[in-house]
Amino acid sequence: MTIPRGTPQPDGVFGLRVAAALAVKGVIAPEQVVIDAAEKIVRAGARNGALRLLTSEQFDPHELHAETLREVQMLLASLARDGATGIGLPLCPSCRTRKVVKARNEHGERECFRCTQRRSYGECAQCLRMKKLTAINADGQRVCQRCGPEGIPTFACESCGKTVTTVGRVDGRRVCLNCLPPRLRRCVSCGQQKKIAATILHGPHCFACHNRILRNAAPCPGCGQKRILAFLSEDDHPCCAACAGQPPRYACRRCGSEEHNYGRLCGKCALSDRCDDILTGPDGEFLPPMQALRDYLLAQPRPAQVIKWLRMGPSTDLLRDIASGRASIDAVLDTPRPSKPLIYLRTLLLDAGALPRDTAATRQLMAWAAQTISEAPAEHHQMLRTYTRWVLLRRASRNDSGDIPIGAARHVKASLRGLVAFLTWIEEQQTPLASLTQAQIEEFITLRTARRWLPQFLAWAAERDITPDLGIATLPRREPTISTSEEQLEHVIRILATDRTIALDARLASLLIAVYGLPASKVLLLRRNQLRDRDASLDLLIGDRPLALSDPIAILAREQLDLLAEPTPDGWLFPGLRPGQPRDPQYLNRRLRPFGVSISELQNIARFRLAGAVPAKVLADMLDFSVATFENYARLSGSTRGDYPALRGTAPAALRKGPKIQ
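Just so we're on the same page, our numbering is the position in the sequence shown counted from 1, plus 74.
Take a look at the structure:
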């Protein structure tokens with residue numbers, strides 16, 4: 075179809091002809107959308123030329139040339155934003171992104187509007203920001219309008235009445251940015267209609283997709299260095315700025331790195347400045363604990379999170395006081411009942427080596443015990459201090475490390491809390507300890523759970539003639555109770571193996587408990603080097619013999635290893651929220667609560683079914699248990715095989731097979 079020059083195109087007819095021409099060229103878009111865009115964008119004087127171009131044999135909408143008519147570029151760009159396919163906008167020679175190119179640069183090439191505007195941008199000599207330099211300061215330097223002698227002009231928003239510096243226009247009225255309705259466009263990455271942050275690569279990107287590209291530097295296909303791939307190479311593939319022949323827009327101005335984009339400086343350099351500001355003493359030097367903390371923070375894989383914690387965390391003022399000498403670092407350990415932020419700071423200092431780890435738990439427990447004893451009647455303070463120091467703490471610290479384990483510390487706290495309640499109750503009864511009777515002991519036992527700690531105290535007090543020789547029956551050793559059926563166990567295992575809405579670490583840890591009967595404390599303390607990847611299987615080393623994990627669990631374990639950022643061989647397999655600490659067992663209980671089971675119920679039924687199928691000795695070797703533990707479960711399950719040697723060669727197959735997961 076040939077359109078003579080000067081022939082007017084009636085309204086509506088032009089849009090129909092454009093829609094027909096684009097359909098022939100392979101552009102897929104709703105006809106009415108094309109008609110509306112053509113009638114709105116292409117001005118009347120350019121319609122004949124646009125239609126001749128669209129119907130010519132040389133026109134290819136899949137790869138537009140930079141010299142294509144501007145109205146045609148704007149029309150196709152609008153259609154692409156509305157979801158049309160089969161359109162390839164021109165490639166801007168300056169920023170290597172596909173946009174509408176209008177203005178020409180000094181080389182006579184057409185470039186996009188942003189690159190044209192960027193030529194008037196530069197680093198302001200006063201505020202050191204990249205701004206449009208439109209003013210001259212008193213020294214004759216080019217500065218931004220805000221730093222100029224007249225300052226930046228202000229306006230009154232005609233919608234809310236605020237005095238602002240940046241405005242937009244809605245129906246001819248000047249409004250502030252808060253009153254300006256967001257302009258939504260289609261993001262070429264996620265395909266959703268959102269507010270656009272920048273136009274990079276093949277088109278506009280929303281804030282989420284733009285941040286994803288900037289925060290995930292990757293090896294460049296051209297140079298192989300770890301860079302932000304926000305540009306296009308000659309063959310239209312993502313590459314870094316250097317390979318695209320562009321200035322390093324996202325590089326750190328201090329070190330040149332692009333790995334941790336955080337603005338003008340990278341995250342590492344910004345974090346270093348932040349640490350120097352907070353952790354430096356009055357003389358400009360670092361105290362040894364603060365130097366250790368600084369080195370630890372700079373080695374973290376995500377500096378942006380550390381910067382946010384240092385800026386918004388409640389522990390920043392305490393760190394300043396410790397660095398300046400106004401507060402002692404021992405106060406972090408000697409606080410009896412620390413808040414959650416202080417507990418986090420304590421674990422952070424311990425993991426960084428700023429605090430001694432060998433006596434940390436003991437000092438924390440002693441500070442807590444001193445405050446708890448002060449809540450008891452005054453005449454019993456000395457007795458409680460003696461009993462705590464020489465009985466409870468001495469018994470709790472019997473281990474190779476010299477410090478108090480977590481379980482022993484919990485027992486000390488439970489015992490001391492119970493003793494304070496017991497002595498307060500005796501005081502209310504107006505009975506001295508020397509006149510204590512067996513009937514009162516029995517009465518207190520009916521009120522409180524005291525059979526695990528009260529007999530030890532009564533025996534110690536009777537030896538020193540503090541109380542009469544009173545007796546109390548201790549709790550007998552309970553047999554494991556099986557309150558969950560195997561059908562319910564199979565159902566829980568099937569959900570954990572297939573439901574991706576549950577957190578990956580909770581699924582993997584719960585499956586290790588539900589399939590192999592491992593205790594939660596042992597599962598959550600697993601290290602990454604205890605998983606050994608072989609070509610055909612993944613082995614878990616817990617006891618003397620490696621345990622070959624079944625396929626669903628092995629797949630989840632590999633995903634968990636891949637999910638960990640920059641893993642170290644001896645790091646936790648299930649790292650917790652606190653630095654240097656694994657997940658807490660209560661985390662798993664909260665995840666299992668919707669299924670109506672607990673950790674103890676899962677491990678009991680798992681041990682019950684394993685003891686009925688595998689000899690106790692084999693289970694004890696593989697899972698690092700006592701043989702008596704599985705012999706007890708074997709007796710409950712009716713199995714009498716014990717550790718029959720002939721079954722030891724075939725027993726691991728039952729462990730590898732595990733329950734059936736559909």
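All residues carry an ideal CB built from backbone N, CA and C; glycine is no exception.
Alpha helix (DSSP H) segment containing residue i, residue limits
{"i": "Pro537", "result": "Note on residue identity: the sequence assigns Glu, not Pro, to residue 537. First-last of the alpha helix (DSSP H) with Glu537: Leu528 to Glu537."}
{"i": "His565", "result": "Glu560 to Thr572"}
{"i": "Leu258", "result": "Element bounds for Leu258: not the alpha helix (DSSP H) but the beta strand (DSSP E), Leu258 to Arg260."}
{"i": "Cys297", "result": "From DSSP, Cys297 is part of no alpha helix (DSSP H); its letter is neither H nor E."}
{"i": "Lys236", "result": "Looking at the DSSP string, Lys236 is not in any alpha helix (DSSP H), and its letter there is neither H nor E."}
{"i": "Arg469", "result": "Leu467 to Ala470"}
Helix, strand or coil at residue i [DSSP, three-state]
{"i": "Val92", "result": "helix"}
{"i": "Phe648", "result": "coil"}
{"i": "Glu197", "result": "strand"}
{"i": "Ile226", "result": "coil"}
{"i": "Thr433", "result": "coil"}
{"i": "Phe704", "result": "helix"}
{"i": "Ile556", "result": "coil"}
{"i": "Val688", "result": "coil"}
{"i": "Ile102", "result": "strand"}
{"i": "Lys342", "result": "helix"}
{"i": "Asp695", "result": "helix"}
{"i": "Pro668", "result": "helix"}
{"i": "Arg247", "result": "strand"}
{"i": "Gly335", "result": "Note on identity: in this sequence residue 335 is Asn, with Gly being the wrong assignment. In the structure shown, Asn335 sits in a strand (DSSP, three-state: E or B)."}
{"i": "Val323", "result": "Position check: residue 323 holds Arg in this sequence, whereas Val was assumed. Three-state result, Arg323: coil."}
{"i": "Phe682", "result": "helix"}
{"i": "Ala622", "result": "strand"}
{"i": "Pro255", "result": "coil"}
{"i": "Arg722", "result": "Any reading at Arg722 needs caution, since the residue's pLDDT is 49, under 50, leaving its predicted position unreliable; the model's value is listed next. In this structure, Arg722 counts as coil in the three-state DSSP scheme."}
{"i": "Leu306", "result": "strand"}
{"i": "Pro659", "result": "helix"}
{"i": "Arg117", "result": "coil"}
Residue i burial status per 10 Å Cβ neighbour count (16 or more: buried)
{"i": "Gln677", "result": "buried"}
{"i": "Val87", "result": "exposed"}
{"i": "Met364", "result": "buried"}
{"i": "Trp464", "result": "exposed"}
{"i": "Arg91", "result": "buried"}
{"i": "Val566", "result": "buried"}
{"i": "Gln215", "result": "exposed"}
{"i": "His311", "result": "exposed"}
{"i": "Leu490", "result": "buried"}
{"i": "Ile480", "result": "exposed"}
{"i": "Val244", "result": "exposed"}
{"i": "Gly89", "result": "buried"}
{"i": "Gln736", "result": "Low confidence applies here, because Gln736 scores a pLDDT of 46, under 50, leaving its location unreliable and the question unanswered by this model."}
{"i": "Met386", "result": "exposed"}
{"i": "Pro430", "result": "exposed"}
Contact check, residue i vs residue j, beta carbons under 8 Å
{"i": "Ala304", "j": "Tyr336", "result": "no"}
{"i": "Val108", "j": "Ala93", "result": "yes"}
{"i": "Ile403", "j": "Ala435", "result": "no"}
{"i": "Gly296", "j": "Cys314", "result": "yes"}
{"i": "Gly277", "j": "Val262", "result": "yes"}
{"i": "Leu605", "j": "Met696", "result": "no"}
{"i": "Glu185", "j": "Pro167", "result": "yes"}
{"i": "Gly591", "j": "Arg681", "result": "yes"}
{"i": "Pro135", "j": "Lys176", "result": "no"}
{"i": "Leu251", "j": "Thr237", "result": "no"}
{"i": "Ser331", "j": "Ala318", "result": "no"}
{"i": "Asp408", "j": "Ala441", "result": "yes"}
{"i": "Ala154", "j": "Leu165", "result": "no"}
{"i": "Ile546", "j": "Arg525", "result": "yes"}
{"i": "Ile515", "j": "Leu497", "result": "no"}
{"i": "Arg188", "j": "Cys169", "result": "yes"}
Bounding residues of the beta strand (DSSP E) (the contiguous stretch that carries residue i)
{"i": "Lys269", "result": "Gln267 to Ile274"}
{"i": "Arg608", "result": "Taken as a continuous stretch (DSSP letters only), Arg608 belongs to no beta strand (DSSP E), as it is neither H nor E."}
{"i": "Ile210", "result": "Met204 to Ile210"}
{"i": "Pro451", "result": "Unbroken run through Pro451: none, as it is neither H nor E."}
{"i": "Gly123", "result": "No beta strand (DSSP E) contains Gly123, which is instead part of the alpha helix (DSSP H) from Arg121 to Thr129."}
{"i": "Asp53", "result": "Within the shown structure, residues of the chain are numbered from 75 to 736, placing residue 53 beyond reach of any answer."}
{"i": "Arg216", "result": "Arg216 to Cys218"}
{"i": "His279", "result": "Gly277 to Cys280"}
beta-carbon residue i near the ligand SAH non-hydrogen atom, thresh 7 Å
{"i": "Leu544", "result": "By its list of ligands, the structure shown contains no ligand whatsoever, and the ligand SAH lies outside what it can speak to."}
**Message:** Which runs of the beta strand (DSSP E) at least 3 residues long sit entirely within the region 141–189? Give them in chain order.
**Reply:** 175–178 and 184–186
**Message:** Going residue by residue through the region 349–423, where are the continuous alpha helix (DSSP H) segments of at least 4 residues, counting only ones entirely within it?
**Reply:** 362–372, 377–386, 390–398 and 405–408
**Asked** Taking the runs of the alpha helix (DSSP H) that are 4 residues or longer, which of them lie wholly in the region 476–535?
**Response** 480–502 and 512–521
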